[in-house]
Each structure stands twice: as structure tokens, then as C-alpha cells.
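For the sequence shown, counting from 1, position 25 maps to 24 in my numbering; every step adds exactly one.
Glycine residues also receive a C-beta, built at the ideal position from the N, C-alpha and C atoms.
Report on the structure given below.
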Amino acid sequence: MKRTQLFVSFILLVCTRVAADAEPALPQPQRLQSSPVLRHLKPNPLAQAPRNAGERTLASMHLPQGFAAELIASEPDLHQPIAFAWDERGRIWVAEAYSYPQKQEPGQGKDRILIFQDADGDGRFETRKVFIEGLNLVSALEVGFGGVWVGAAPELLFIPDSNRDDVPDGAARVLLDG
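Structure (C-alpha cells):
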């Protein structure tokens, strides 16, 4: 049995070495030009490494005809996004979920809500503000009716901001539990 395994290993080693010596894995530029088939190849635009994870994700998206996707915020300004909502001023509110899936002790939550604003209208957000921190298991949010509505299992919270200054007017109120 050991002799058979040794023989098979030797054959695989020889075959691998012969295949490696036979031809380079990547075509040479001269071969690309002289080959009637290979000269028609064009560089893959996706092969150029994007600068960050957001751009890599954007480059890998497959969208239906007529649709487009744009990167508006990414790391290092944003981590662990789980939900977002637009407000009437064109800003995007994003919930970052650092504690999911483990519920933290009361008062020890690490989740937060950020506000991104595009002041000059170029499609990129110039300002980033933390609206609230210390939340627990945030998974949804909506802005309106004088505050921010937050789904934080097993609760539905309301964080008042009646004067719309992007600073909570008080502590989060539990509207539903369970």
C-alpha cells in the first residue's frame, strides 16, 4: 500500500514539474499580438484593484439594464452598516451594528446612528455626525414625526429630536417591547 502511495506521489510530482516547465501560465505580450485569437483580448477593467472595500463591492455588483450604483460612504467613515434611511433634507442616516448578534448588558450597547450630509451636491458626503451611541441590537431606523424611530430587538424605540438640531432631546423611549 505504501509503495503504491509513493509511486502515485512521484508520478504527480513529475507531471506537475513537466506542466510547469511546458509553458508560462500567463501569455507573454508578444504572443498576444502574434496569436490570431489572443490579440483580440482586452484588459479586464475589474482586474485593476479598487482602492477600498466599498469600491470593490461596487465593482462586483451586477445590476439590471438601466440601473446604476454609486458609492456614497464607505470605510473608514462607516463600519458595520445594517440599516439606513433618507430624511427630507437629503441626508442619509445609517445604523451601525457593532453588538449584533449578542445583546449587551443594559447601558453597554455599542451600536450607533450616524448622519451623513452632502453639502455641495456632488454625490459624496462631506460631513459625518454621530446622532446617538450606546444602542443595543439596532436593525432598523426611520426619521420623522419629531425624532428617530429605531428597531432594536426586542424593542421599538423613539428618540426625540423635535427641534431638528441632530441632537437627541432626551433619552430613547421604549414604545414596544417583546
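* To do: Take residue 85 and list the residues in its own chain whose beta-carbon comes closer than 7 Å to its own, dropping the five residues that flank it on each side.
  => 91
* **Residue(s) in a DSSP beta bridge with residue 150** => 139, 155
* What residue range is occupied by the uninterrupted alpha helix (DSSP H) comprising residue 54? -> 52–59
* Going straight from the alpha carbon of residue 141 to that of residue 96, what length do you get? -> 15 Å
* Compute the distance between the beta-carbons of residue 172 and residue 159, then report whether it is under 9 Å. => yes
* To do: Per DSSP, which residues does residue 112 bridge with? Please list them.
  => 94, 131
* Roughly how many angstroms separate the alpha carbons of residue 115 and residue 80, rounded to a whole number? -> 13 Å
* Asked: Is it true that the CB of residue 149 sits closer than 9 Å to the CB of residue 94?
  -> yes
* To do: Can you check DSSP and say which residues form a bridge with residue 172?
  => 157
* Asked: Under the criterion of a Cβ to heavy atom distance below 8 Å, does residue 172 qualify as lining the ligand GDP?
  -> With respect to small molecules bound, the structure shown includes none, and the ligand GDP cannot be examined in it.
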